[in-house]
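*Asks:* Before I ask anything, here is the structure I am working with.
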Amino acid sequence: MHWVNLIIVGCLYIGLPMVWGMLRSASRERSNLILSVTLPPQARQDPEVQELCARFRRRLDRMCLVLTAALVPALFLPWMSLVCLYSFVWLLFLVLPYWLFGRANGELKALKRCRGWQTAGAGQTVAEMPPARPPRQLSRAWFWPPLVLSVLPVLSVFLDDWDPAWQVVLGATAFTGLLMTGLSLVFYPLVYRQRLDALDGDTTLTAALTRVRRYNWTKFWLLCSWLTAGYSLAVWLCWGNMAWYIIWNIVYALALIWASLQTEFAARRAQRRLTEGRTRLPEVDEDDRWIWGLFYCDPHDGHTFVNQRIGMGMSMNLAKPLGKGMMGVSLALLAAMPLLGVWLVVEEFSPLRLGLQSQTVAAQQAFTTYRVPVAELEEVRLLEELPPASRIAGTSMGHLLKGSFSMEGEKATFCLDPQDPPFLLLKTEEKTYVFGGDAARDLAGELE
Amino acid sequence: MLLHLDFSLDTPIYQQIRNEIVWGIAAGSLTPGQQLPPIRALAETLGVNVMTVNKAYALLKQEGYLKADRRAGTVVAGRAGPLTDELRAALELAAAQARASGVPLEEVLAVCRGVYEKKEGGQG
Chain Z
0 MHWVNLIIVG CLYIGLPMVW GMLRSASRER SNLILSVTLP PQARQDPEVQ
50 ELCARFRRRL DRMCLVLTAA LVPALFLPWM SLVCLYSFVW LLFLVLPYWL
100 FGRANGELKA LKRCRGWQTA GAGQTVAEMP PARPPRQLSR AWFWPPLVLS
150 VLPVLSVFLD DWDPAWQVVL GATAFTGLLM TGLSLVFYPL VYRQRLDALD
200 GDTTLTAALT RVRRYNWTKF WLLCSWLTAG YSLAVWLCWG NMAWYIIWNI
250 VYALALIWAS LQTEFAARRA QRRLTEGRTR LPEVDEDDRW IWGLFYCDPH
300 DGHTFVNQRI GMGMSMNLAK PLGKGMMGVS LALLAAMPLL GVWLVVEEFS
350 PLRLGLQSQT VAAQQAFTTY RVPVAELEEV RLLEELPPAS RIAGTSMGHL
400 LKGSFSMEGE KATFCLDPQD PPFLLLKTEE KTYVFGGDAA RDLAGELE
Chain F
0 MLLHLDFSLD TPIYQQIRNE IVWGIAAGSL TPGQQLPPIR ALAETLGVNV
50 MTVNKAYALL KQEGYLKADR RAGTVVAGRA GPLTDELRAA LELAAAQARA
100 SGVPLEEVLA VCRGVYEKKE GGQG
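From first to last, the protein sequence lines are chains Z and F. For the first sequence, position 448 (counting from the first letter as 1) is numbered 447 according to numbering that gives the first Met the number 0, and the numbering increases by one without interruption. For the second sequence, position 72 (counting from the first letter as 1) is numbered 71 according to numbering that gives the first Met the number 0, and the numbering increases by one without interruption.
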């Protein structure tokens, strides 16, 4: 097992325990809901409902164990591209726990109909009258410093003299950071523009539930903004060191996951504490608007983003064109993941072709071709062994090194299979190239 | 106070909002002098057009349930006046409909009493 396999598999696997935790928690009573179905107090204690929830939890546990076991072979695959392809295909199967949830939600809805547990608000839009004065909210000034901080690396990309390969990496990171801190500033006010979290006519409870959601959502956006600014600055201060870049990426991803999980589960815990064992009949019942208890669809609702039924996130209204579009893009991105794996396989397993074409040395592999005019060559050498090199930007797989690398303190462009010597070293006034391929020895003789 | 809207009914949405606010005033959930949310805030909460809420507020002002206050915005009007001609006509028509349908007087009086005795959270 290679440590790269462990990192790839670990990064993708982390989604499964998160999905498991959230769906499992949705099978316990909170805010009059069980499995995303609104139930009156007596129904929530009904043995048939309890059995249905227990059955869902058992199935979910089994499903997650099977999915975990299914990912283990990826740890032992010897080719990185195949590890990626396998893991990305596995990622598609993360819809299965949601499918289980949707099925349990459907069963509970049917039981609700059958036992006559419909509530008075079913089929209606029921909302608490908003307060006359806008609620007190955290000043937007807290979001400006991270935004300003994340502008610094972007300015540096343009103003400082960076290595072109690193400039691309830093540029992509800095722009993403700026986008994230900007989005935090833009989306934060949405927290206060949603419906109050009413369950029934109890205004004190509504105010408490609304505060819980707003407090945790605000905390998340603020954390996200500051973490992203810190990440952008840290990457900027790497000064081109790829190892530190990878470390900061991992730290940032872990910190972001921790922040979102911590706030999500804090919100759920508080909601449960406030509503568990409630005996008042629910007046708000939006079950018919939640497809499988997961997707919101209400053509009469003007909102594109609505509060998640539980926790503190937001969901899209699939009846709105923007909601449909965003859901389509999300699904397309998910479906495209295996294609990314296929592309990596093509990259790793395409043969290297090296040759002389009209006074130009051409090294071609998969979708990339490097061309070096013979007239510009200052040095040609055959290397029987590849000197120690580290990647700056490009592909680094077991059988393929392609892109910009640092070799003996010098920058060089690689296109070779490290397991298949010899290698052809070409030097021009500006650049150094190291190419591999069956024709390397013959071409070296010809050029010399 | 909870507002209930039913999009499957033939009653226009602005009328439903108007009715809900009248119920709220009758039940004491909205008291005289109490500020109402701005039109935009209420429209956002209900997920309806701003013009719909504007129409409901305008109707309520016209009927005297709400009034515009220079500093507080829209507030619930304090009404202790006699029965207006319009309201009398509406009540008489409702009573006539009940009688024509064969509803006993006691039942009509019980409904009226129920409305007068309803407290916060019991409307709808």
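In this text, a Cβ means the ideal position worked out from N, Cα and C, and glycines have one as well. Predicted model only: the values in this text are computed from it and were never measured.
Just how far apart, CA to CA, sit Z/Gln364 and Z/Pro350?
*Replies:* Cα to Cα, Z/Gln364 sits roughly 6 Å from Z/Pro350.
*Asks:* Along the stretch 284-312 of chain Z, where does the CB come closer than 7 Å to a CB of chain F? Name the residues.
*Replies:* Listed by position along the chain: His299, Asp300, Gly301 and His302.
*Asks:* Verify whether the separation of the beta carbon atoms of Z/Trp2 and Z/Gly397 is less than 8 Å.
*Replies:* no
*Asks:* Tell me the DSSP secondary structure of Z/Arg306 in three-state form.
*Replies:* The sequence shown places Asn at residue 306 of chain Z, rather than the Arg named in the question. The answer is strand: DSSP assigns Z/Asn306 an E or B state.
*Asks:* Would Z/Ala266 and Z/Asn215 qualify as a contact pair, given that the criterion is a beta-carbon distance under 8 Å?
*Replies:* yes
*Asks:* So that I know if they touch, is there some Cβ in chain F lying closer than 8 Å to that of Z/Gln117?
*Replies:* no
*Asks:* Whose C-beta lies closer than 8 Å to the C-beta of F/Ala93 among residues of the same chain, with five residues either side of it excluded?
*Replies:* none
*Asks:* Given that a residue counts as buried once 16 or more other Cβ atoms are within 10 Å of its Cβ, and exposed if not, what is Z/Pro39?
*Replies:* buried
*Asks:* Just the chain Z side, please: which residues come within less than 7 Å of F/Ala40 by C-beta, in chain order?
*Replies:* Pro129
*Asks:* Tell me, please, whether the CB atom of Z/Thr124 is closer than 8 Å to any CB atom in chain F?
*Replies:* yes
*Asks:* DSSP puts Z/Glu409 in a beta bridge; with which residues?
*Replies:* Z/Met406
*Asks:* Does any residue of chain F bring its CB to less than 8 Å from the CB of Z/Ala197?
*Replies:* yes
*Asks:* Report all residues from its chain with a CB closer than 6 Å to the CB of F/Leu58; omit the five preceding and five following residues, and keep chain order.
*Replies:* Arg17
*Asks:* Apply the 10 Å Cβ neighbour rule to Z/Gln123 and answer buried if 16 or more other Cβ atoms are within range, or exposed otherwise.
*Replies:* Counting every other CB atom within 10 Å of its CB across the protein chains shown gives Z/Gln123 a total of 16 or more, marking it as buried.
*Asks:* Starting from the beta carbon of Z/Arg192, find every residue of chain F whose beta carbon is closer than 7 Å, and list them in chain order.
*Replies:* Glu43
*Asks:* Does DSSP put F/Gly120 in a helix, in a strand, or in coil?
*Replies:* Note on F/Gly120: pLDDT 47, under 50, position unreliable in the model; the coordinate value appears next. If DSSP states are grouped into helix, strand and coil, F/Gly120 belongs with coil.
*Asks:* State yes or no: is the beta carbon of Z/Val3 nearer than 8 Å to at least one beta carbon in chain F?
*Replies:* no
*Asks:* Enumerate in chain order the residues of its own chain whose CB-to-CB distance from Z/Arg212 is below 7 Å, with the five nearest sequence positions on each side excluded.
*Replies:* Asp196, Ala266, Asn306 and Met311
*Asks:* Under 7 Å from any heavy atom of the ligand FAD, does the C-beta of Z/Ala69 make it?
*Replies:* With respect to the ligand FAD, the structure offers nothing, as it holds no ligand at all.
*Asks:* Please go through the same chain and pick out, in chain order, the residues whose beta-carbon is closer than 7 Å to the beta-carbon of Z/Arg380, but skip the five residues on each side of it.
*Replies:* So the qualifying residues of the chain are Leu424.
*Asks:* Between Z/Phe422, Z/Thr67, Z/Ile309 and Z/Asp45, which lies nearest to Z/Glu384 when the distance is taken from Cα to Cα?
*Replies:* Of the listed residues, the one whose Cα sits closest to Z/Glu384 is Z/Phe422.
*Asks:* Going straight from the alpha carbon of Z/Ala69 to that of Z/Phe92, what length do you get?
*Replies:* 10 Å
*Asks:* With distance defined between alpha-carbon atoms, name the residue in Z/Val185, Z/Val250 and Z/Gly239 nearest to Z/Leu221.
*Replies:* Z/Val185
*Asks:* Starting from the C-beta of Z/Met62, find all residues in its chain whose C-beta is less than 7 Å away, skip the five residues before and the five after it, and write them out in chain order.
*Replies:* Leu95, Pro96 and Leu99
*Asks:* Taking beta-carbon pairs under 7 Å, can you tell me which members of the stretch 9-30 of chain F lie near chain Z?
*Replies:* none
*Asks:* When we look at the beta-carbon of Z/Phe157 and count the other beta-carbons within 10 Å, is it buried (16 or more) or exposed?
*Replies:* exposed
*Asks:* Pick out whichever of Z/Cys83, Z/Arg352, Z/Leu376 and Z/Gln356 has its Cα sitting closest to the Cα of Z/Thr367.
*Replies:* Z/Arg352
*Asks:* Less than 8 Å separating the beta-carbons of F/Tyr56 and F/Val21?
*Replies:* no
*Asks:* Taking a contact to mean a Cβ-Cβ separation below 8 Å, would you say F/Leu45 touches F/Leu4 in this structure?
*Replies:* yes
*Asks:* Z/Ile391 by DSSP, collapsed to three states: which one?
*Replies:* Strand.
*Asks:* Mapping the DSSP letters down to three states, classify Z/Asn316 as helix, strand or coil.
*Replies:* strand
*Asks:* Identify the continuous alpha helix (DSSP H) that holds Z/Asp60 and give its terminal residues.
*Replies:* Pro46 to Leu70
*Asks:* Which residue spans inside the stretch 324-368 of chain Z form an unbroken beta strand (DSSP E) run of at least 3?
*Replies:* 351-356 and 359-364, all fully within the stretch 324-368 of chain Z.
*Asks:* For the alpha helix (DSSP H) that Z/Lys430 lies in, which residues bound it at each end?
*Replies:* In the DSSP assignment, Z/Lys430 falls outside any alpha helix (DSSP H) and carries neither an H nor an E.
*Asks:* Is the shortest distance between the beta-carbon of Z/Gly120 and the beta-carbons of chain F less than 8 Å?
*Replies:* yes
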